[in-house]
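K.L.:
Residue numbering for the sequence shown is 74 to 148, as defined by our numbering. Backbone N, C-alpha and C define an ideal beta-carbon position, used for all residues, glycine too. Input: one structure, supplied below.
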Amino acid sequence: MSETSRTLEMTFATELDKKHVIRIADARSDATNAEVIAAMDNIISKNIFSGTGGELVEKVSARLITTQIDDFDIV
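Take a look at the structure:
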């Protein structure tokens with residue numbers, strides 16, 4: 074049996090010149106580039122997240138990671 078999962082990984086630069094990664098599990102496989110850019114812009118403009126690296130100030134990258142798990146029938 075096979076199981077597939079998708080994670081949207083968005084990387085931002087912080088005001089202290091560090092990188093901050095946000096991962097969203099069970100991401101839609103049909104998400105568009107424009108939707109991801111808009112979501113990242115929204116996260117930055119609303120100052121939703123901050124951490125030890127300071128506020129998020131710039132988009133760095135985004136990717137959709139697909140993982141497939143195949144089980145072996147050993148019994």
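1. Taking 8 Å as the threshold (C-beta atoms), are D99 and R79 in contact?
2. Determine the DSSP secondary structure at A98, reduced to helix, strand or coil.
3. Taking a contact to mean a Cβ-Cβ separation below 8 Å, would you say M113 touches M74 in this structure?
4. Measure from the alpha carbon of A135 to the alpha carbon of each residue in V109, T87 and T77, then state which is nearest.
5. What separation, rounded to the nearest whole angstrom, lies between the Cα atoms of D58 and E76?
P.N.:
Let me spell this out:
1. Counting from 1 along the sequence shown, the entry for residue 79 is found at position 6. Counting from 1 along the sequence shown, the entry for residue 99 is found at position 26. With contacts defined by Cβ atoms closer than 8 Å, R79 and D99 form a contacting pair.
2. Residue mapping note: residue 98 aligns to position 25 of the sequence shown, counting from 1. DSSP, read as helix, strand or coil, puts A98 in strand.
3. Along the sequence shown, one-based indexing puts residue 113 at 40. Along the sequence shown, one-based indexing puts residue 74 at 1. No, the pair does not count as a contact, with Cβ atoms beyond the cut-off.
4. Start at 1 with the first residue of the sequence shown, and residue 135 comes out as number 62. When only C-alpha atoms are compared, the closest one is V109.
5. Nothing can be reported for residue 58, as the shown portion of the chain is limited to 74 through 148.
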